[in-house]
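Undergrad: In the numbering used here, the protein residues as written are 2 to 150.
(1) Roughly how many angstroms lie between the CA atoms of residue 88 and residue 146, to the nearest whole one?
(2) Grab me the residues of residue 97's own chain with a C-beta within less than 8 Å of its C-beta, minus the 5 sequence neighbours each way, in chain order.
(3) Would you kindly report the start and end of the unbroken alpha helix (DSSP H) that includes residue 154?
(4) For residue 25, does the three-state DSSP call read helix, strand or coil?
(5) Can you grab the Cα-Cα spacing for the pair residue 16 / residue 124, in whole Å?
(6) Starting from the Cα of residue 131, find the closest Cα among 29, 25, 21 and 20 and give me that residue.
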């Protein structure tokens, strides 16, 4: 007698993320890259006095820390887009997104301690978007590496 039972769940290999989720993740990845490109250039490359015009908190930390934050932001820009776009080591994209979320979440208590609670939305929103990319690219819509050969 043949087994005629039907599984309620499809095999894992047939799971494909929705097109909408995939597009949404790409849009957020590009928006994060643009946001952190501007932030990274400001914090990591501009003279501190010029950077302080848009980021007054930068005068309250050592220059080396400001530069480190800026370079980390610029590295995140590359990591949140290039591995997925090239499909070379695409697992680096969600890792970069986690790093960007950490940078933003660490800024929240810093701004609260400085009495700048009014600016923490500029930290929480990008952190939430980066967390969305990390979640999406780790679990729901990972990008497959380029086929070798």
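Built from N, CA and C at the ideal position, the CB exists for glycine as well.
Note that the structure is a prediction, hence the values are computed from the model and not measured.
TA: Judging by the given coordinates:
(1) 5 Å
(2) 76, 77, 79, 80, 81 and 84
(3) Outside the modelled stretch of the chain, which goes from 2 to 150, sits residue 154, for which no answer is possible.
(4) helix
(5) 34 Å
(6) 29
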